[in-house]
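With positions in the sequence shown counted from 1, the corresponding number in this note's numbering is that position plus 4. For glycine and all other residues, C-beta sits at the position ideal for the given N, C-alpha and C. Since we're looking at a predicted model, the values are computed, not measured.
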Amino acid sequence: METAQYTVERMESFYMVRTTGIKKSLKLFCTDLAPRRYIRPIGFLLRSDTLEPAENIFTVYKDKVPILVQISRELCNANGIRRLCDVLTDHPTWTLAHLAAHLLLYDALHHTAVNSHLNSSDPATGMSPLQVAVQTNNLRMVQMLVAAQSSLEHLDHNANTVYHYAASSTKDIILALGAGLPNSLNSRNGNGHTPMHVACLSDKPECVKALLLIGADVNIPASEGQPTSPGYVGDFLHDKPNALHSQDMKFGGTPLHWSCSREVIDALIETNCDIDALNFDGRTALHIMVMRKRLNCTVALLSHMASVNIVDNEGNTPLHLAVTQATPSIVQALLGFGADIDATNYKRETPRHLTPIEANTDGSKVLYILHAVGAQRCPPDMEGCHIGCKHLENFDGEAPPEPPTSVPRTILDQMLYVAGMEELASQRKRKVEGGRLLCLDGGGIRGLVLVQTLLEIESVINKPVIHCFDWIAGTSTGGILALGLATGKTLKECQALYFRMKENAFVGPRPYSSEGLENILKSALGTHTLMSDIQHPKLMITGVLADRKPVDLHLFRNYDSPSVVLGVPPSGKFKETFPPDRQLVWRAARATGAAPSYFRAFGRFLDGGLIANNPTLDAMTEIHEYNLALRAMGREDEVKPISLVVSLGTGLIPVSQLREIDVFRPESLWDTAKLAMGMSALGTLLVDQATASDGRVVDRARTWCSMIGVPYYRFSPQMSDEIPMDERSDEKLVNMIWEAKAFMHANRDQVKELASVLGCH
Numbered sequence: 005m006e007t008a009q010y011t012v013e014r015m016e017s018f019y020m021v022r023t024t025g026i027k028k029s030l031k032l033f034c035t036d037l038a039p040r041r042y043i044r045p046i047g048f049l050l051r052s053d054t055l056e057p058a059e060n061i062f063t064v065y066k067d068k069v070p071i072l073v074q075i076s077r078e079l080c081n082a083n084g085i086r087r088l089c090d091v092l093t094d095h096p097t098w099t100l101a102h103l104a105a106h107l108l109l110y111d112a113l114h115h116t117a118v119n120s121h122l123n124s125s126d127p128a129t130g131m132s133p134l135q136v137a138v139q140t141n142n143l144r145m146v147q148m149l150v151a152a153q154s155s156l157e158h159l160d161h162n163a164n165t166v167y168h169y170a171a172s173s174t175k176d177i178i179l180a181l182g183a184g185l186p187n188s189l190n191s192r193n194g195n196g197h198t199p200m201h202v203a204c205l206s207d208k209p210e211c212v213k214a215l216l217l218i219g220a221d222v223n224i225p226a227s228e229g230q231p232t233s234p235g236y237v238g239d240f241l242h243d244k245p246n247a248l249h250s251q252d253m254k255f256g257g258t259p260l261h262w263s264c265s266r267e268v269i270d271a272l273i274e275t276n277c278d279i280d281a282l283n284f285d286g287r288t289a290l291h292i293m294v295m296r297k298r299l300n301c302t303v304a305l306l307s308h309m310a311s312v313n314i315v316d317n318e319g320n321t322p323l324h325l326a327v328t329q330a331t332p333s334i335v336q337a338l339l340g341f342g343a344d345i346d347a348t349n350y351k352r353e354t355p356r357h358l359t360p361i362e363a364n365t366d367g368s369k370v371l372y373i374l375h376a377v378g379a380q381r382c383p384p385d386m387e388g389c390h391i392g393c394k395h396l397e398n399f400d401g402e403a404p405p406e407p408p409t410s411v412p413r414t415i416l417d418q419m420l421y422v423a424g425m426e427e428l429a430s431q432r433k434r435k436v437e438g439g440r441l442l443c444l445d446g447g448g449i450r451g452l453v454l455v456q457t458l459l460e461i462e463s464v465i466n467k468p469v470i471h472c473f474d475w476i477a478g479t480s481t482g483g484i485l486a487l488g489l490a491t492g493k494t495l496k497e498c499q500a501l502y503f504r505m506k507e508n509a510f511v512g513p514r515p516y517s518s519e520g521l522e523n524i525l526k527s528a529l530g531t532h533t534l535m536s537d538i539q540h541p542k543l544m545i546t547g548v549l550a551d552r553k554p555v556d557l558h559l560f561r562n563y564d565s566p567s568v569v570l571g572v573p574p575s576g577k578f579k580e581t582f583p584p585d586r587q588l589v590w591r592a593a594r595a596t597g598a599a600p601s602y603f604r605a606f607g608r609f610l611d612g613g614l615i616a617n618n619p620t621l622d623a624m625t626e627i628h629e630y631n632l633a634l635r636a637m638g639r640e641d642e643v644k645p646i647s648l649v650v651s652l653g654t655g656l657i658p659v660s661q662l663r664e665i666d667v668f669r670p671e672s673l674w675d676t677a678k679l680a681m682g683m684s685a686l687g688t689l690l691v692d693q694a695t696a697s698d699g700r701v702v703d704r705a706r707t708w709c710s711m712i713g714v715p716y717y718r719f720s721p722q723m724s725d726e727i728p729m730d731e732r733s734d735e736k737l738v739n740m741i742w743e744a745k746a747f748m749h750a751n752r753d754q755v756k757e758l759a760s761v762l763g764c765h
């Protein structure tokens, strides 16, 4: 009978017992370290009937376990050694430093055998001991390794830095790593993700904030693309640690995607956050704000020129998402800022197709909002349609109630128009050359109506409106808009500027501080730009000289006035106004916008609306006088008679009833109350008439143009509400610009005719 034979190999406190003969086996066990005459096993580590694997494991154990056991007394027990060996079984290529980092052997870091491997790389994964320590989420070990000069620039085999590992750990570990290496902090791994992206994917909002605090670049996309410019928001987040919405961080993006208020968005954009950056779903911050039904955030992004037609991974624009949420105000805002109303996603669905008219009463309102500005129905072969989008159906949604209006003059206006066009035809000037006049009324924040009207005209003529007119006259907000266009601003930029202006200018009680308005004007128009720097078109910006009685209308010009052309010397006891080559543009804008009770007077100037809120007749008078002066001086070749007048208003207010307008001597308490109401109503009436820009003012201009054979076009949409000049409500303002857009769509034939007369299309 064959007997078993034993072979024993020892390495410090570890033994390998190999059995040969009848039963071939291999056993690994450890002993205590006390000197004894016999071996006392304290734990079996492995029993194997196969020799080669066990020998390999023994080789791994014998090179590392005894050293760590000697260095770290906490391992000198069965559980400790078994735990160590389990780790080595899973990670046989780890160095002593990796093992110490994983097992939290703090004292071992001071031993030469361990700290000589602090920056070594695991051959299997490429991980460094510091990356292993971060993965254990143990702050103390990370701090000790950083203090021991472990490399923060090490990359594993997937190009992960230590910050990539920290991104899914804790904020304290991220802060312990510090901000000294921006390249490591903002590098992409093999998946194209920065540490910021990893934190977002791991749904670790506190880690996201910590990365931002130490300088993570928020503008790096999770793809191969490069950011247009870096964006750092650490200082902002340090001041406002609770400003971001944590639940949205898991979808990626930038802090703009996670913002909850207009103030946060404004502050983040100042730190250079990319306003059109995409999250993991291919959505911009605008998509997210629309989905979250945050109107103020939506308007804030739009007012900073966010792209309104970017599509997500499913082909949806923000407008697609807005209609599915059935939020009328957000839909109006997107339309006003140029959303493509008939855009199709990857399923060929338009916003009109996606409007939920059956399930939501606001859905019918949204449907009408789309219809009123020209949304098309689906093609005949489209499936899944409802009656609001199906081909050949006639349901267009729920229209708002019609506001009360003045007695219409449609027939008279048409007669005047026909008479003027006949006179023009007799002169054979269908397409006019020179003398084209654009007039822009005053109205405060209602200047947004002017912008929207011009945008609709511009969409037909397919070129900037500034190139289609030879003269532009503007009062108050119209004057500011005229100066903005003349100094190179686009209509889109002016539209965004108005929304930012109302947040910064209309602050506190009336009269408002002028500082906010003046800062905006300087930024938009230039601090040192002069009126004479503007070569085209000729500008007439109205103001009121209020240092005399009666007050006098003043025109800020970028050309010589008729008096200067004639060489008439200035006279009178009052100080001269500046000529164009000394008149700063921003100061002209500030003067024309000095509306009494809203802003303080600008030196001796008040708002031009006090005399010429609709500047059409004053502009026509100025052009005629200018031409007479040119003829008188023998400059006949420069004479350009008026050939076209386009007048734009800031909206017709609904007609309302004034109950008491009588002012009398009261004889009773009730009479006193009636007197107070009458005086208030009379005051309102006087102000309205002093600043009138519609009604008889328009009738006079239309009639004058008809008499001289000049085409006259007046666009001023009917408003459903009376909007104050200092209105700040986003809901009211986006409804106002939608009404302007709907009005222009309803009058698109007249707009096309205007484009033909202008000769710019």
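Open item on the list: I'd like the list of long-range same chain contacts for L323, defined as Cβ closer than 6 Å, with 5 residues on each side in sequence excluded.
Closed with: If you number the sequence shown from 1, residue 323 lands on position 319. Closer than 6 Å at Cβ, skipping near neighbours: L338, A343 and P355.
TODO: Determine the closest residue to E589 out of L501, S527, P645 and V118, with distance taken between C-alpha atoms.
DONE: Residue mapping note: residue 589 aligns to position 585 of the sequence shown, counting from 1. Going by the sequence as given, residue 589 is Val instead of Glu. The shortest Cα separation from V589 among L501, S527, P645 and V118 belongs to S527.
Task: C-alpha distance - V659 paired with G571, whole-angstrom precision - done: Working through the sequence shown from its first residue, we reach residue 659 at position 655. Working through the sequence shown from its first residue, we reach residue 571 at position 567. When rounded, the distance between both Cα atoms is 48 Å.
Open item on the list: Going by DSSP, what residue range makes up the alpha helix (DSSP H) through A310?
Closed with: As a working note, residue 310 is residue 306 in the sequence shown. Annotation: A310 is outside any alpha helix (DSSP H) and is labelled neither H nor E by DSSP.
Task: Separation of M200 from D94, as counted between CA atoms - done: Here residue 94 refers to the residue found at position 90 of the sequence shown. Here residue 200 refers to the residue found at position 196 of the sequence shown. If you take the alpha carbons of D94 and M200, they lie about 29 Å apart.
TODO: Starting from the C-beta of G84, find all residues in its chain whose C-beta is less than 7 Å away, skip the five residues before and the five after it, and write them out in chain order.
DONE: Counting from 1 along the sequence shown, the entry for residue 84 is found at position 80. Cβ within range, chain order: E78.
Open item on the list: I need the straight-line Cα distance from A490 to K351, nearest angstrom please.
Closed with: Reading the sequence shown from its first residue, position 486 is the one you call residue 490. Reading the sequence shown from its first residue, position 347 is the one you call residue 351. Using only the alpha carbons, I get a separation of about 43 Å.
Open item on the list: Is it the case that the region 140–147 contacts the region 104–119, given that we only count it when at least three CB pairs across the two stretches are under 8 Å?
Closed with: Yes, the region 104–119 is in contact with the region 140–147.
Open item on the list: Suppose the cutoff is 8 Å on Cβ atoms and the five residues either side in sequence are ignored; what does the same chain contact list for I484 look like?
Closed with: For the purposes of this step, residue 484 is taken as the residue at position 480 of the sequence shown. Closer than 8 Å at the Cβ level, and outside the excluded window around I484, lie G451, G478, L525, A593, T596 and G597.
Task: Residue range of the unbroken alpha helix (DSSP H) whose run includes H2 - done: The question about residue 2 has no answer, for the chain in this structure spans 5 to 765.
Task: Close Cβ partners of S76 (< 7 Å) along its chain, the five nearest in sequence each way excluded - done: Translated into the one-based positions of the sequence shown, residue 76 becomes position 72. Excluding positions up to five away in sequence, the list reads L109, D111 and A112.
Task: Rounded C-alpha distance that separates G219 from V212 - done: If you number the sequence shown from 1, residue 219 lands on position 215. If you number the sequence shown from 1, residue 212 lands on position 208. The straight-line gap from Cα to Cα measures roughly 11 Å.
Open item on the list: Please state whether the Cβ-Cβ distance between L306 and V315 is less than 8 Å.
Closed with: Reading the sequence shown from its first residue, position 302 is the one you call residue 306. Reading the sequence shown from its first residue, position 311 is the one you call residue 315. Using a Cβ distance threshold of 8 Å, L306 and V315 do not count as a contacting pair.
- [ ] Can you give me the start and stop residues for the alpha helix (DSSP H) that G438 sits inside?
- [x] If you number the sequence shown from 1, residue 438 lands on position 434. No alpha helix (DSSP H) contains G438, which DSSP labels as neither H nor E.
Open item on the list: Rounded to whole angstroms, what is the Cα-Cα separation between R144 and H161?
Closed with: Residue numbering aside, residue 144 sits at position 140 when the sequence shown is read from its first letter. Residue numbering aside, residue 161 sits at position 157 when the sequence shown is read from its first letter. Between R144 and H161, the alpha-carbon positions lie close to 26 Å from each other.
- [ ] Give the straight-line distance between the Cα atoms of N187 and S155, rounded to the nearest whole angstrom.
- [x] The count along the sequence shown starts at 1 and reaches residue 187 at position 183. The count along the sequence shown starts at 1 and reaches residue 155 at position 151. Going by the C-alpha atoms only, they are around 13 Å apart.
Task: Distance, K542 Cα to I449 Cα - done: For the purposes of this step, residue 449 is identified with residue 445 of the sequence shown, where counting begins at 1. For the purposes of this step, residue 542 is identified with residue 538 of the sequence shown, where counting begins at 1. When rounded, the distance between both Cα atoms is 24 Å.
TODO: May I have the straight-line CA-CA distance separating R192 from C277, to the nearest angstrom?
DONE: Within the sequence shown, residue 192 is the residue found at index 188, counting from 1. Within the sequence shown, residue 277 is the residue found at index 273, counting from 1. R192 and C277: Cα-Cα distance of roughly 19 Å.
Task: For A605 and A599, the rounded distance between their alpha carbons - done: As a position in the sequence shown, residue 599 is number 595, starting the count at 1. As a position in the sequence shown, residue 605 is number 601, starting the count at 1. Looking at the two C-alpha atoms, the distance is approximately 8 Å.
Task: Assumed close pair T755, E460 - CB separation to whole angstroms, cut-off 8 Å - done: Stepping through the sequence shown from its first residue, residue 755 is reached at position 751. Stepping through the sequence shown from its first residue, residue 460 is reached at position 456. The residue asked about is misnamed: residue 755 is Val in this sequence, not Thr. Contact holds; Cβ gap of about 6 Å.
TODO: Mind reading off the beta-carbon distance from R706 to R718? Whole number of angstroms is fine, and I expect it under 8 Å.
DONE: Counting from 1 along the sequence shown, the entry for residue 706 is found at position 702. Counting from 1 along the sequence shown, the entry for residue 718 is found at position 714. At roughly 7 Å, the Cβ-Cβ gap stays under 8 Å, so R706 and R718 are in contact.
Task: M293 - containing alpha helix (DSSP H), residue span - done: Looking up residue 293 in the sequence shown gives position 289. Per DSSP, the unbroken alpha helix (DSSP H) holding M293 starts and ends at A289 to M295.
Task: Classification of R287 by the beta-carbon crowding that lies within 10 angstroms, buried from 16 upward - done: Counted from its first residue, the sequence shown places residue 287 at position 283. When all chains shown are included, R287 counts as buried.
Open item on the list: Among the candidates P360, P404 and I646, whose CA atom is the shortest distance from the CA of G388?
Closed with: Here residue 388 refers to the residue found at position 384 when the sequence shown is read from its first residue. Its Cα nearest to that of G388, the residue P360 stands out among P360, P404 and I646.
Open item on the list: Measuring alpha carbon to alpha carbon, tell me which residue in A117, E629 and L758 is nearest T463.
Closed with: Along the sequence shown, read from residue 1 onward, the residue named residue 463 stands at position 459. The residue asked about is misnamed: residue 463 is Ser in this sequence, not Thr. Checked all of A117, E629 and L758; the closest Cα to S463 is L758.
TODO: Kindly give me the distance between the Cβ atoms of M723 and M748, rounded to whole angstroms, as I take these residues to be in contact under 8 Å.
DONE: On the sequence shown, residue 723 is found 719 positions in, with the first residue counted as 1. On the sequence shown, residue 748 is found 744 positions in, with the first residue counted as 1. With 8 Å as the limit, M723 and M748 do not qualify as a contact, their Cβ atoms being about 14 Å apart.
Task: Close beta carbons around T198, own chain, < 6 Å, minus the five adjacent residues each side - done: Translated into the one-based positions of the sequence shown, residue 198 becomes position 194. Apart from sequence neighbours up to five positions away, the residues of its chain that approach T198 with a beta-carbon distance below 6 Å are N190, R192 and I224, ordered along the chain.
Open item on the list: What would DSSP say about H749, mapped onto helix, strand or coil?
Closed with: As a position in the sequence shown, residue 749 is number 745, starting the count at 1. It is helical.
- [ ] Tell me whether the beta-carbon of V294 lies closer than 8 Å to the beta-carbon of Q329.
- [x] The residue labelled residue 294 in the question sits at position 290 within the sequence shown. The residue labelled residue 329 in the question sits at position 325 within the sequence shown. The answer is yes: Cβ separation under 8 Å.
- [ ] Take V136 and list the residues in its own chain whose beta-carbon comes closer than 6 Å to its own, dropping the five residues that flank it on each side.
- [x] Within the sequence shown, numbered from 1, the residue matching residue 136 stands at position 132. The residues are H102, A105 and H106.
Open item on the list: Can you tell me whether F473 is helix, strand or coil according to DSSP?
Closed with: In the sequence shown, counting from the first residue as 1, residue 473 sits at position 469. In the three-state scheme derived from DSSP, where H, G and I count as helix and E and B as strand, F473 is classed as coil.
Task: CA-to-CA distance, R86 to G47, given in whole angstroms - done: On the sequence shown, position 43 is the one that residue 47 refers to. On the sequence shown, position 82 is the one that residue 86 refers to. For G47, the predicted structure reports a pLDDT of 49, less than 50, and the residue's modelled location is therefore unreliable. A value from the coordinates is still provided. Taking the CA atoms as reference points, G47 sits about 8 Å from R86.
Open item on the list: So for Q722, helix, strand or coil by DSSP?
Closed with: Here residue 722 refers to the residue found at position 718 when the sequence shown is read from its first residue. DSSP places Q722 within a strand segment (E or B) once states are collapsed to three.
Task: At least three beta-carbon pairs within less than 8 Å, the region 114–133 to the region 161–173 - done: Judged by Cβ distances under 8 Å, the region 114–133 makes contact with the region 161–173, as three or more pairs qualify.
Task: Distance between N398 and I391 (C-alpha atoms, nearest Å) - done: Reading the sequence shown from its first residue, position 387 is the one you call residue 391. Reading the sequence shown from its first residue, position 394 is the one you call residue 398. Distance from the CA atom of I391 to the CA atom of N398, rounded to whole angstroms, is 7 Å.
- [ ] Starting from the Cα of V649, find the closest Cα among M637, R704, L495 and P583 and give me that residue.
- [x] The sequence position of residue 649 within the sequence shown is 645, counting from 1. The residue with the shortest Cα to Cα distance from V649 is R704.
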